[in-house]
Amino acid sequence: MITRRNLIQLIGAGALAGAAAPAAADPEIDPVTGLSLQALSEGRRRGYTPVSTPNGRSLPFTMKDGVKQFHLVAEEVEHEFAPGCRAKCWGYNGSTPGPTIEAVEGDRVRILVTNKLPEATSIHWHGILLPNGMDGVTGLTQAGIQPGETWAYEFTLRQAGSHMYHPHADEMVQMALGMMGFFIIHPKDGNTDNGPPVDRDYAIMLHNWALHPGTYRPDPSIMQDFDLWTFNSKVYPATAPLLAKTGERVRIRLGNLSMWNHPMHLHGHRFWITGSDGDRWPRSSWRPEATHIVGVGQMRDFEFIADNPGDWAFHCHMSHHTMNAMGHSIPNTLGVDQSGVEDKIRSMLPGYMAMGKNGMDDMSDMAGMMGGPPNTLPMGGGKGPFGSVDMGGMFTVLKVRDELKGHADPGWYRHPKGTLAYRVSSDPSLVPTTTHKPDDQPGMPDMPGMNHGG
Amino acid sequence: MITRRNLIQLIGAGALAGAAAPAAADPEIDPVTGLSLQALSEGRRRGYTPVSTPNGRSLPFTMKDGVKQFHLVAEEVEHEFAPGCRAKCWGYNGSTPGPTIEAVEGDRVRILVTNKLPEATSIHWHGILLPNGMDGVTGLTQAGIQPGETWAYEFTLRQAGSHMYHPHADEMVQMALGMMGFFIIHPKDGNTDNGPPVDRDYAIMLHNWALHPGTYRPDPSIMQDFDLWTFNSKVYPATAPLLAKTGERVRIRLGNLSMWNHPMHLHGHRFWITGSDGDRWPRSSWRPEATHIVGVGQMRDFEFIADNPGDWAFHCHMSHHTMNAMGHSIPNTLGVDQSGVEDKIRSMLPGYMAMGKNGMDDMSDMAGMMGGPPNTLPMGGGKGPFGSVDMGGMFTVLKVRDELKGHADPGWYRHPKGTLAYRVSSDPSLVPTTTHKPDDQPGMPDMPGMNHGG
Amino acid sequence: MITRRNLIQLIGAGALAGAAAPAAADPEIDPVTGLSLQALSEGRRRGYTPVSTPNGRSLPFTMKDGVKQFHLVAEEVEHEFAPGCRAKCWGYNGSTPGPTIEAVEGDRVRILVTNKLPEATSIHWHGILLPNGMDGVTGLTQAGIQPGETWAYEFTLRQAGSHMYHPHADEMVQMALGMMGFFIIHPKDGNTDNGPPVDRDYAIMLHNWALHPGTYRPDPSIMQDFDLWTFNSKVYPATAPLLAKTGERVRIRLGNLSMWNHPMHLHGHRFWITGSDGDRWPRSSWRPEATHIVGVGQMRDFEFIADNPGDWAFHCHMSHHTMNAMGHSIPNTLGVDQSGVEDKIRSMLPGYMAMGKNGMDDMSDMAGMMGGPPNTLPMGGGKGPFGSVDMGGMFTVLKVRDELKGHADPGWYRHPKGTLAYRVSSDPSLVPTTTHKPDDQPGMPDMPGMNHGG
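Protein chains in written order, with this note's numbering: chain A, 5 to 458; chain B, 5 to 458; chain C, 5 to 458.
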């Protein structure tokens, strides 16, 4: 459970871990979890676990005559998907996704929205039950918020659950450029009718971006063939890991404002879907899952007991969505010996990069090296304790540990003796008869330079 | 609840509202709801609410020796997606979708099918439990119905629920051109084991069309990159609104014969999925939702209490699917000053239309004006009470009112005082301290010409 | 229920039926069901129905010191999608999908994996709860298995359910080329808490392949626009039928490692989804379905009572996915008289094939005849008892019969008198008054050469 005391301890630790949130300079925001001192204080006082937005942060509020007041500024932002890949996107308060709004069932909230974009916008409070005139659909329930204007939305929260905010004005363009955020409503009085409280609560937004290699602005006209697939607008390995202590109850609130219905897969654990943008679900409808589709415009609450220590992949199961740009629409040269040919083609077609003769494994971290187009990430390229992870995009690691020092990244998992897959022999003819197991972790000594353990 | 008395009152009112169904000339069909006098009479006598097919209609039947007999004619139809956009499609009885078949659990039905198409067809009764030889799969359970032939299907209905009919012959072509319809089976004796009766019952079919700009026939070879996305073969704003009185229980039966799994989102309400093409679902499995995926070949019953008065968007949440043609595959010129360039390009590339420098908002209703290709709708272009709605495609409005005059469109919602989002200031520097709320609806006076209220 | 006795009887019958599995030469494997004598013996002894993998087979094991040991060899395979269409794919033990691993809750298993591919690989045991070091994610939990090496994975099974194995190394390439298989864990002591035992248990893997017409290697860079859609790597009509005796309880375990979320539709029956890669689901969450989406990276257990005799289609409902290559991206010539034009175009564009003027129905079996590109299947082309079935791809037939002779294909269904759709008249003007029903099956005499009945 996150407490104020360990947050204060962690602000230093987080900076060391390097997982800097956009508002890292704000002393009221923990750069690791994105939690504000205010959210922690509210959560402790009113009996809930505040939400952590990995690579993001919660939005502070002020109280005005009993109304919780927030301020969102719609604006262009310079966004970094991962070191080496930046773009001019649209977001709120300097980031995409915008900061997470948190409140409690029964609260009256007022959200001021200032438009610093070059065209009109509005905000729809997705999934929230409110008066029709606060619904934010341009043309239907309000005029657009013109550039330079500030508007106010005000309503009382009649429900608890996982919700979103996003524009309902020039929808295709504004969402494609990154305008989105969470609106989380905690239950009043710690109501647990539809499930026990959680120890860790994460919120991750799924998105896709048509940032064509060599360009610096997402292309909103693309419908399917995207270049970047993100968790909170970051691609792996820039995605922050998720942490949990063994035995803790964890919730991951997944939102999707992309153009694909993403099947999300968690390794090593069973989870239940316990709620949606339609609020908490009755327990009779919960089902154990290993992979669940989070549809476009949906939120889904994934909940599980982190009962299996280790480093566990959490990712979209569509294999192209754990790749970065250039993972598709390239020539198929499997089985073709290309010695000498690639340079020749590249002299005619700048930026050309061929698939290898034997697969793409060797190419996972060489985009820069090969003189590929500028502002393009390698297709994959996380560095794990055992070498390269061939994935990018919608991928992160859930780190479950018996002990955790606050919210600092614990480093890589140290596998207990006898629990690692191991090399039996490099001579396949020996295999059927040679199945004894070495005493220690035999797969590891072959990996020079690996950073193993915390 | 729809009664015969108010239907008769409404046939005039409906004509005034202009939401003419294809069979508007038939005095037995209400042009607003598509209900027939026959369906109303049957529903009242046998204890169910008949189904309304917005922009469509129910299919009359005759009784022959205790068998309910329907007649479908498969044929080419001249279809209008919205004023300004027509195509030669394939459908039944002069329309796409074909008319809705309604019957009651226990009924014996005979459906005569006449083929006026240039190739063989058949009809599969999707989701209906029937003898194998009535299943309509060409080659497997019957020979194709040749051009000019009439065949009969006859079976007894052993279930209640939301089903479809469509060809199982040259499937890819015949469905892509619009051959589809509903087959709704009402429960016998008003059985309510799996949910109370509803006050309003709508049926909407989702579809996609590759009607390339400037052409007049849908292209069946397209797999993903469609131009038009429709509710009952209409694009917004040609889609009829859905009406409900405050407190009524409403069902929307959604079918999907497109090539995408569509996540459908309703504003301002919680709904439950209460049934599928596999019939009604037990209540223990119902879950509150704000967005639900209706997969291809699925039907899903959305049910809710219309407890929130206003004009509420109901749409697919994939942002490209609430756009019309030309919303994708156009050059990305965001941030590029194009003064003077577009005309030059258009002189070389007739029909060229650029995205704006500042987004697409300004373009939502200018396709005609700009000399775009013929037979192409603007990307969006509904007119709301507060100006343009930037959406087209799979979008409609649910109008919930404390009072309704039958089925006539009540016009736009009149928001009670203090329930509209409002402009605080056009000077953002004032915002943090200026949060008082004007007495009336300040956002509205700026919208000249708006048609506000009923 | 499958018994050892009828398996032995059937090994001959299966060979006659011609549905040869890749290991047909192995006398321990039934060529029809893919069941091994070992699996049958284990199932009988330990109280479960072993799994049949249509067009595939189960993987034999050996016992070593109380551990059930399996051996998988990752390698290139020459694969036949259907007669006339072959490709160099990647798989395990000579086939794609690889052989099905079957074990029982509580078993300790060791799986040896030998890599004969030209690049590193690993195996992830999808959905299985195991120690982190056995999870098979290259870079994160192990180094890659280099070409020529053999590694061992060893763990105890703590659950029962439907799972998969696939690489977690160069994921996009290795899965696109066919590396996948089932890992089925039967419940201990015949546990039936979450559903009664089934009489038939099938496992089918969904996949897509970019085998461009005229090429011989799947292209892994394709993200959506695939050429072949398969059940256990076969396209209809090469897919083996599913058999059931009237009244039997049947389970179909569907896995998906493609790039599309596939809505699977069963004719003539209601089914429930009773489990997933997250194991068995509580009965309170079961819902009757006719069509269910199996997402990428998901497994779903479809269960039903085969209570409706006949030949029933089971297929993906996306119409393009029941077509083979060339079903999309071809010119739209509907309504265009092309007499003489096609040959002219083909002289310039070898392999050109136009859509017909009247649809595609006539083209379903003419690819070879027309001089289309080599190594390409006709778009559809199953032969049914009533002529051509216009479908290919993800399609098979569930054959439900009152009597079955073991596992041999019973031939086509013989429809009882009065249960076939019938031609009323070829003169549509007669229809409304002529609805009497002939005494026998009038649609059939028109189909010369049909092979009707078993």
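Where is the CB? At the ideal position from N, CA and C, for every residue including glycine. All values reported here derive from a predicted model rather than from experimental measurement.
DSSP three-state assignment for residue i, whether helix, strand or coil
i, result
"D223(A)", "coil"
"H296(C)", "strand"
"M268(B)", "strand"
"M374(A)", "With a pLDDT of 44 at M374(A), under the threshold of 50, the modelled position of that residue is not reliable, and the figure given next carries that caveat. In this structure, M374(A) counts as coil in the three-state DSSP scheme."
"S40(C)", "strand"
"M352(C)", "At M352(C), the pLDDT of 46 sits below 50, so the modelled position is not reliable; the number obtained from the coordinates is stated separately. Here M352(C) sits in helix by DSSP."
"T278(A)", "strand"
"E46(C)", "helix"
"L434(C)", "Because L434(C) carries a pLDDT of 48, less than 50, the predicted location of this residue cannot be relied on, and the following value inherits that uncertainty. Helix at L434(C)."
"S237(B)", "coil"
"G386(B)", "strand"
Identity of the residue in the options nearest residue i by Cα
i, options, result
"D205(B)", "W213(B), G218(B), I189(B), A214(B)", "I189(B)"
"G282(B)", "I277(C), L246(C), R221(C)", "I277(C)"
"M168(A)", "T400(A), G140(A), T380(A), V239(A)", "G140(A)"
"W213(A)", "Y52(A), F85(A), A425(A)", "F85(A)"
"D315(B)", "D394(B), R418(B), S225(B), T219(B)", "R418(B)"
"H162(A)", "H273(B), V177(B), D174(B)", "The sequence given here has Arg at residue 162(A), not His. For the residues H273(B), V177(B), D174(B), the minimum Cα distance to R162(A) belongs to H273(B)."
"G102(C)", "G131(C), P54(C), V108(C), H170(C)", "H170(C)"
"R90(C)", "V428(C), V36(C), A329(C)", "A329(C)"
"P389(B)", "G143(A), P31(A), S56(A)", "G143(A)"
"T250(B)", "G60(B), G98(B), P313(B), G259(B)", "P313(B)"
"K68(C)", "L246(C), A425(C), V177(C), V113(C)", "V113(C)"
"S99(B)", "D111(B), T66(B), G60(B)", "G60(B)"
"K72(A)", "C93(A), Q42(A), K92(A)", "Q42(A)"
"T196(C)", "I127(C), V81(C), G391(C), R287(C)", "R287(C)"
Neighbour list for residue i in chain C, Cβ cutoff strictly below 7 angstroms
i, result
"Y417(A)", "N136"
Per-residue contacts from residue i into chain B (C-beta, under 8 angstroms)
i, result
"Q228(A)", "Q228, D229"
Residue i and residue j closer than 7 angstroms at C-beta
i, j, result
"F159(A)", "L134(A)", "yes"
"G396(B)", "M327(B)", "yes"
"M322(C)", "M263(B)", "yes"
"P191(C)", "A164(C)", "yes"
"S62(B)", "S40(B)", "yes"
"S289(A)", "R291(B)", "yes"
"Y426(B)", "A173(A)", "no"
"S429(C)", "T154(B)", "yes"
"H269(C)", "G301(B)", "yes"
Chain-ordered chain A contacts of residue i [CB-CB under 8 angstroms]
i, result
"N265(C)", "N265, P267, I297"
"W285(C)", "R291, P292"
"S237(C)", "The contacting residues do not exist; S237(C) stays about 17 angstroms from chain A at best."
Neighbour list for residue i in chain B, Cβ cutoff strictly below 7 angstroms
i, result
"A214(C)", "Here the premise fails: no neighbours, minimum Cβ distance about 13 angstroms."
"D69(C)", "Within chain B, no residue comes near D69(C); the closest Cβ sits about 46 angstroms away, beyond 7 angstroms."
"A86(C)", "Per Cβ cutoff of 7 angstroms: no residues; A86(C) is ~17 angstroms from chain B at best."
Neighbouring residues, chain C, relative to residue i (Cβ below 8 angstroms)
i, result
"Y426(A)", "W155, A156"
"V225(A)", "One point to set straight first is that residue 225(A) is Ser, not Val, in the sequence displayed. Chain C residues near S225(A): none, gap ~17 angstroms exceeds 8 angstroms."
"M322(A)", "M263, V300, G301"
Residues that residue i contacts on chain B, provided the C-beta gap is smaller than 9 angstroms
i, result
"S99(A)", "Residues of chain B passing the Cβ test: none, with the nearest at roughly 18 angstroms."
Within chain A, partners of residue i - CB distance below 9 angstroms
i, result
"D281(C)", "H269, E293, A294, T295"
Partner residues on chain C for residue i, Cβ-Cβ distance less than 9 angstroms
i, result
"G398(A)", "Note that residue 398(A) corresponds to Met in the displayed sequence, not to Gly. Per Cβ cutoff of 9 angstroms: no residues; M398(A) is ~12 angstroms from chain C at best."
query = For the region 107–188 of chain A, which segments carrying the beta strand (DSSP E) assignment without a break, of at least 3 residues, lie completely within its bounds, in sequence order?
reply = DSSP runs (the beta strand (DSSP E)) wholly in the region 107–188 of chain A: 112–119, 128–130, 154–160, 165–170.
Any beta strand (DSSP E) of 3 or more consecutive residues that is wholly inside the region 56–117 of chain C = The region 56–117 of chain C contains these whole beta strand (DSSP E) runs: 66–68, 71–86, 89–96, 105–108.
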